[in-house]
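Enquirer: What follows is a single structure, and I will ask about it in a moment.
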Amino acid sequence: MIRTKTTLVVGAGASCELQFPDGRELLARIAAGFDFQRLGGGLESEDIAAMDAQIGAIAKKARVKKNDLLEAGQVIRSAARISHSIDAILEQHGDNPMVLAVGKLAIAHYILGAEAASPLGSEPRDPGDLPVRGTENWLFQLSRAIFNGVPRAKAESCFDNLSVISFNYDRSVENYLPWAMHMAFGMSLTEARALVAEKLRIIHVYGVPGKLEWQTDEMPIADWGEVAPEDFPSVVEQLHTATERAEQRGFKRHVLGEVVQGKRLVFLGFGFDAMNCAMLFDAPFEHNPDVLVTMPGASATERNAVMRLLKRQAGIKDESLITLEDLRAWQLMRDYAPFLES
0 MIRTKTTLVV
10 GAGASCELQF
20 PDGRELLARI
30 AAGFDFQRLG
40 GGLESEDIAA
50 MDAQIGAIAK
60 KARVKKNDLL
70 EAGQVIRSAA
80 RISHSIDAIL
90 EQHGDNPMVL
100 AVGKLAIAHY
110 ILGAEAASPL
120 GSEPRDPGDL
130 PVRGTENWLF
140 QLSRAIFNGV
150 PRAKAESCFD
160 NLSVISFNYD
170 RSVENYLPWA
180 MHMAFGMSLT
190 EARALVAEKL
200 RIIHVYGVPG
210 KLEWQTDEMP
220 IADWGEVAPE
230 DFPSVVEQLH
240 TATERAEQRG
250 FKRHVLGEVV
260 QGKRLVFLGF
270 GFDAMNCAML
280 FDAPFEHNPD
290 VLVTMPGASA
300 TERNAVMRLL
310 KRQAGIKDES
320 LITLEDLRAW
330 QLMRDYAPFL
340 ES
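In terms of numbering that gives the first Met the number 0, the sequence shown has 228 at position 229, counting the first letter as 1, and numbering is strictly consecutive.
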């Protein structure tokens, strides 16, 4: 059980444990999918054909020229040579609605495809198991920390001290936790899903490609493993750029509120990109949280850069409160379990 107010900040490095693409790989896939010169030839891929068809559908719905959208795809393909993420490219071209439309379309296409291809299924392969086997993933370790030692009668209080801020588009947290709760407490999956929907505080900074079938949000459905949802254009509309989020009334305040309320901040697979950090750090903290950061394989220079960033932007003066670990997300959640549950 997590007994102290804790905020998890989740980046692509955590999702990679479930075989989701990181920012660079996602951008590379998108750029390859926009290689429309290969259309109709022997080098045409399924993704290129899918992008062409989906762009055609959106052009028809929006009553715009398909060629204008295809050209916008080439803008993204060109920008991908110098940029490191699709989020950054969409922010750079925020004044071009065509680029935003095809960029978000591509994100939805590849994230839904990654969900379907992930070892994390919509349900367990074997009865009584979890939807992904093994313990070497951060969702298993998180579930253990949340549910460990909680009486069944108090199951609804499991999430009281937890907030999740995710910079990922996938819905793996929402898909996994009900199954873990169902296993931990022996409650029905329906009850577990209802509790997760009601009690889990999770913010997807850049949105998600629709909702899972059981979720109550007012969004179009794109269930786990569904690569071609019925209302794909509406699914695409659920994705947002940093500027769009900044213009949404109260959104940034909501994110900052979850950061500030955490007495413990845990960064899992977070890359500390400047654009993402701007969503988290508005002013130096008035409190001094304990900070845990996963930095597997990082150089001493990279570690120093993150330490300086946290001290400057978050205003954490006591360096002993910041711990940078050469661990993956699941390893940190496992090794620091006694601390996180205290």
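Think of the CB as a built atom: it goes at the ideal place given N, C-alpha and C, for glycine as much as any other residue.
#1: What does a CB cutoff of less than 8 angstroms around Ala31 pick up in its chain, not counting 5 residues either side in sequence?
#2: Going by beta-carbon coordinates alone, are Trp178 and Ala196 separated by less than 9 angstroms?
#3: Quick one: which unbroken beta strand (DSSP E) runs of 3-plus residues sit fully inside the stretch 153-214? Chain order, please.
#4: Using alpha carbons as the reference points, say which of Leu194, Leu264, Ala241 lies closest to Phe284.
#5: If you draw a straight line from the alpha carbon of Val204 to that of Leu89, how long is it in whole angstroms?
#6: Rounded to a whole number of angstroms, what is the C-alpha to C-alpha distance between Glu324 and Val63?
#7: What three-state label does DSSP hand Phe266 in the structure shown?
#8: Under 9 angstroms between the Cβ atoms of Leu68 and Ala105?
#9: Counting along the chain, where does the alpha helix (DSSP H) carrying Glu45 start and finish?
#10: According to DSSP, what are the bridge partners of Ile321?
#11: Distance check for Gly12 and Tyr335, CA to CA, integer angstroms please.
#12: Would you be able to state if there are at least three C-beta pairs under 8 angstroms between the stretch 226-242 and the stretch 300-316?
#13: With contact counted as at least three CB pairs below 8 angstroms, one residue from each stretch, are the stretch 9-25 and the stretch 165-181 in contact?
#14: Just to confirm, is the Cβ distance from Gln260 to Thr6 under 9 angstroms?
#15: Would the beta-carbon of Ile57 fall within 9 angstroms of that of Ile29?
#16: Do the stretch 171-191 and the stretch 116-132 touch if we need at least three Cβ pairs shorter than 8 angstroms?
#17: At which residues does the beta strand (DSSP E) containing Thr6 begin and terminate?
#18: Excluding the five sequence neighbours on either side, which residues of its own chain have a C-beta within less than 8 angstroms of the C-beta of Arg37, listed in chain order?
#19: Got a sec, what are the start and stop residues for the alpha helix (DSSP H) Ser77 sits in?
#20: According to DSSP, is Leu119 helix, strand or coil?
#21: Would you report the Cα separation of Gly236 and Ala299, rounded to the nearest angstrom?
#22: With distances taken between CB atoms, is the gap from Val163 to Cys157 smaller than 9 angstroms?
#23: By DSSP, does Leu238 sit in helix, in strand, or in coil?
#24: Using only alpha-carbon positions, find the residue among Leu238, Gly268, Thr322, Leu339 that is nearest to Ile85.
#25: Taking the alpha-carbon of Lys210 as reference, which of Phe139, Lys153, Ile110, Asp281 has the nearest alpha-carbon?
Expert: According to the data block:
#1: Ser44, Asp46, Ile47
#2: no
#3: 161-165, 200-203
#4: Leu264
#5: 14 angstroms
#6: 50 angstroms
#7: strand
#8: no
#9: Where Glu45 is concerned, the enclosing alpha helix (DSSP H) stretches over 45-61.
#10: Ile321 is bridged by DSSP to Val290.
#11: 18 angstroms
#12: no
#13: Per the Cβ contact rule, the stretch 9-25 is in contact with the stretch 165-181 (3 or more Cβ pairs under 8 angstroms).
#14: yes
#15: no
#16: yes
#17: 5-9
#18: Excluding five sequence positions before and after Arg37, the CB atoms of its chain that fall closer than 8 angstroms to its own CB belong to Glu43, Ser44, Ile47, given in chain order.
#19: 65-78
#20: Here Leu119 sits in coil by DSSP.
#21: First, the residue type needs correcting, since residue 236 is Glu and not Gly in the sequence shown. Computed Cα separation, rounded: 41 angstroms.
#22: no
#23: Looking at Leu238 - three-state DSSP - the assignment turns out to be strand.
#24: Leu238
#25: Ile110
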